[in-house]
Amino acid sequence: MHLGILLNRVFRLEGNPLFNYIAEHLHEIEKLYLILPIEDLSDAASVKREHYHKMVESFVSNLSKSNISPYIVNYDKLGELSADLNLSHILVGRDIMSYHSDIYDYPHIKAAFQKQGIDVIGQRVNHYFLPTKTLNQQQKPYKVFTSFYKANRKNIISKPTKNYQLKQLSLYAEKGTNQSHFNVNMNNNIERQARKAWQSFLNNDISYYQQWNDDVALDFVSGISQYLAYGVLDIQEILNDLLDVYDQDEANCESFIRELMFREFYYVLMVYYPETAKVSFSEKYRRMQWSNNQTHFDAWKQGQTGYPIVDAAMQKLNRTGLMHNRLRMVVSQFLTKHLFIDWTWGESYFRKYLLDYDSASNVHGWQWSASTGTDAVPYFRMFNPIRQSERFDSKGYFIKYQLEIFENVEEKYVHNPTKYRNELLEKYQVEVGKDYPKTIVDHKASREYVMHQFKQF
Ligand SMILES: Cc1cc2nc3c(=O)[nH]c(=O)nc-3n(C[C@H](O)[C@H](O)[C@H](O)COP(=O)(O)OP(=O)(O)OC[C@H]3O[C@@H](n4cnc5c(N)ncnc54)[C@H](O)[C@@H]3O)c2cc1C
Numbered sequence: 139m140h141l142g143i144l145l146n147r148v149f150r151l152e153g154n155p156l157f158n159y160i161a162e163h164l165h166e167i168e169k170l171y172l173i174l175p176i177e178d179l180s181d182a183a184s185v186k187r188e189h190y191h192k193m194v195e196s197f198v199s200n201l202s203k204s205n206i207s208p209y210i211v212n213y214d215k216l217g218e219l220s221a222d223l224n225l226s227h228i229l230v231g232r233d234i235m236s237y238h239s240d241i242y243d244y245p246h247i248k249a250a251f252q253k254q255g256i257d258v259i260g261q262r263v264n265h266y267f268l269p270t271k272t273l274n275q276q277q278k279p280y281k282v283f284t285s286f287y288k289a290n291r292k293n294i295i296s297k298p299t300k301n302y303q304l305k306q307l308s309l310y311a312e313k314g315t316n317q318s319h320f321n322v323n324m325n326n327n328i329e330r331q332a333r334k335a336w337q338s339f340l341n342n343d344i345s346y347y348q349q350w351n352d353d354v355a356l357d358f359v360s361g362i363s364q365y366l367a368y369g370v371l372d373i374q375e376i377l378n379d380l381l382d383v384y385d386q387d388e389a390n391c392e393s394f395i396r397e398l399m400f401r402e403f404y405y406v407l408m409v410y411y412p413e414t415a416k417v418s419f420s421e422k423y424r425r426m427q428w429s430n431n432q433t434h435f436d437a438w439k440q441g442q443t444g445y446p447i448v449d450a451a452m453q454k455l456n457r458t459g460l461m462h463n464r465l466r467m468v469v470s471q472f473l474t475k476h477l478f479i480d481w482t483w484g485e486s487y488f489r490k491y492l493l494d495y496d497s498a499s500n501v502h503g504w505q506w507s508a509s510t511g512t513d514a515v516p517y518f519r520m521f522n523p524i525r526q527s528e529r530f531d532s533k534g535y536f537i538k539y540q541l542e543i544f545e546n547v548e549e550k551y552v553h554n555p556t557k558y559r560n561e562l563l564e565k566y567q568v569e570v571g572k573d574y575p576k577t578i579v580d581h582k583a584s585r586e587y588v589m590h591q592f593k594q595f
């Protein structure tokens, strides 16, 4: 066969099932082409676009050390290239949810290649479970996380790592073209950095995970989501590592595995209900009349709502493309409940900024907050952003670090500046409404409005 391998978002040399596939099928392969299709991120925030390019460059650079030069091509030229190379088969990661746009995902790519008469081979690359193996007794996906977790947790087991020699594979791969606009000589080895960061978390911070993972000022989370999104780390290896040390710290390892299973749960749901990327999972809420208040939406995007925890989180997202899980819950609840704005607006904004964007986790994270998802937060349990701030940034460190104006302000004032406007003016010459915005909506009034809207269904 004339085999093409699509490498996008499987940016790792080690534990890469695509390379393993080549090693196991060498005898069937007449011609081998490693192809790295590049996503169009022109509508993404520059912070995300630059990050993606760094990921690509590091991968290309690592490949070149094993004497591999992939064909680099934009997605819109992939069809042409495949025809020129006369591909008979193409190997594609079938479980990648992190593409910037859904036109690059498995169903779309598969349909496009099949139209060209090229056989598509789907391969697990970035998730652990095969969705068909996770179903309930009625052969339906679990819609409640706890049931999914209970039923499938036992199937997480240690598996041997892949065994192939890249240098040997390179002898079979044709040399690609079009490397020019990537700086392949850079020393920035992101795969090595990711492994180091993961090992450091596993050896140190994981022991604080259960107790502190919700604290937004302390950094006791792993930060691996951005590596999983680009396939720099393999979920199988992460789980192998966790199972290896499991007996030393069962509670924290289990708590971490549980989080990873959320990612699998949402992935399975997305495979079975792809339409929920755009519409509410709960059908009755598809008729919800969300607000289209653009001024409120702009204030949320720019971190100008008058609620410091929301503003600090959004301003950090805009600058860095990063946001802690607790803050994602706070800002998404704020948008969908306090401002009563359609969750798809927020989902789309996150897509443009988040370095770790993953369609399944993002869509279902948003639907959880909007109470439109399956196993979502009940609408009547609406977060109070001030209370969230006091609980999860109790000393105000996160707010003070992100919002310069509060840098030297006593912690008791930073959670609710509108309430303490007199003290802020008197003691710090900070005028609420001028130097920092007044709250754009009132929590109590918003809550009453939201309850009323949801109760109608
Ligand atoms: C509105 C909203 C949007 C989100 N968008 C994304 C997204 O685009 N991409 C993304 O990877 N995650 C998303 N999440 C889930 C979660 O916020 C991130 O996975 C987490 O913050 C990543 O940081 P970490 O790797 O340090 O997490 P850790 O706490 O170290 O967790 C380890 C891993 O477990 C998985 N995980 C943890 N929590 C969740 C969760 N709630 N849902 C799914 N997987 C989880 C992730 O793979 C994460 O890397 C979203 C959550 C919400 C509420």
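Per our numbering, the sequence shown starts with residue 139, numbered consecutively.
C-beta: ideal position from N, C-alpha, C; glycine also.
So, helix, strand or coil for residue i, using DSSP?
| i | result |
| --- | --- |
| H165 | helix |
| N212 | strand |
| G314 | coil |
| I206 | coil |
| I376 | helix |
| I294 | coil |
| I479 | strand |
| V469 | helix |
| P279 | coil |
| S596 | Because the chain here runs from 139 to 595, residue 596 falls outside it and cannot be looked at. |
| A357 | Rather than Ala, the amino acid found at residue 357 in this sequence is Asp. DSSP places D357 in coil when its eight states are reduced to three. |
| L307 | helix |
Enumerate in chain order the residues of its own chain whose CB-to-CB distance from residue i is below 7 Å, with the five nearest sequence positions on each side excluded.
| i | result |
| --- | --- |
| V515 | W506, S507 and S509 |
| N554 | I524 |
| G361 | A335 |
| F488 | Y495 and N500 |
Got a sec? Which residues, its chain only, sit under 8 Å from residue i by beta carbon, not counting five neighbours each side?
| i | result |
| --- | --- |
| F472 | W438, T443, Y445, V448, F521 and P523 |
| L340 | D379, L380 and V383 |
| I295 | L381 |
| N158 | K300, N301 and Y302 |
Using the rule of at least 16 other Cβ atoms within 10 Å of the residue's Cβ for burial, across every protein chain shown, is residue i buried or exposed?
| i | result |
| --- | --- |
| S96 | For residue 96 there is no data in the structure shown, the boundaries of the chain being 139 and 595. |
| T299 | exposed |
| D382 | exposed |
| Q331 | exposed |
| K416 | exposed |
| E329 | buried |
| S180 | exposed |
| Q540 | buried |
| E402 | buried |
| L493 | buried |
| L377 | buried |
| Q254 | exposed |
| A81 | Residue numbering for the chain in the displayed model covers 139 to 595; residue 81 lies beyond these limits and cannot be assessed. |
| R147 | buried |
| R425 | exposed |
| P245 | exposed |
| N154 | buried |
| E485 | buried |
Distance cutoff 8 Å, beta carbons only. Does residue i sit that close to anything in chain D?
| i | result |
| --- | --- |
| I206 | Absent from the structure: chain D. Only one protein chain is present. |
What does DSSP give as the partner residues of residue i in its beta bridges?
| i | result |
| --- | --- |
| G142 | Y171 and I228 |
| F570 | In the sequence as displayed, the identity of residue 570 is Val instead of Phe. Bridge partners of V570: Y574. |
| I160 | The partner list for I160 (beta bridge, DSSP) is empty, contrary to what the question assumes. |
| I176 | N212 |
Once you ignore the five residues that flank residue i on each side, which residues in its own chain have a CB closer than 6 Å to its CB?
| i | result |
| --- | --- |
| N160 | It is worth fixing the name first, because residue 160 is Ile in this sequence and not Asn. Closer than 6 Å at the Cβ level, and outside the excluded window around I160, lie L307. |
| Y237 | D243 |
| L354 | One detail in the question is off: residue 354 reads as Val in this sequence, not Leu. The residues are H462, R464, L465, F530, D531 and F536. |
| I143 | L156, L172 and L229 |
| N456 | none |
| K538 | F544 and E545 |
Along the chain, which unbroken stretches of the alpha helix (DSSP H) at least 4 residues long are found entirely within the segment 228-263?
-> 244-253
Unbroken stretches of the beta strand (DSSP E), 3 residues or longer, contained in the segment 380-463 = none
Which runs of the alpha helix (DSSP H) spanning at least 4 residues fall entirely within the segment 515-559, listed in chain order?
-> 523-530, 535-540 and 549-552
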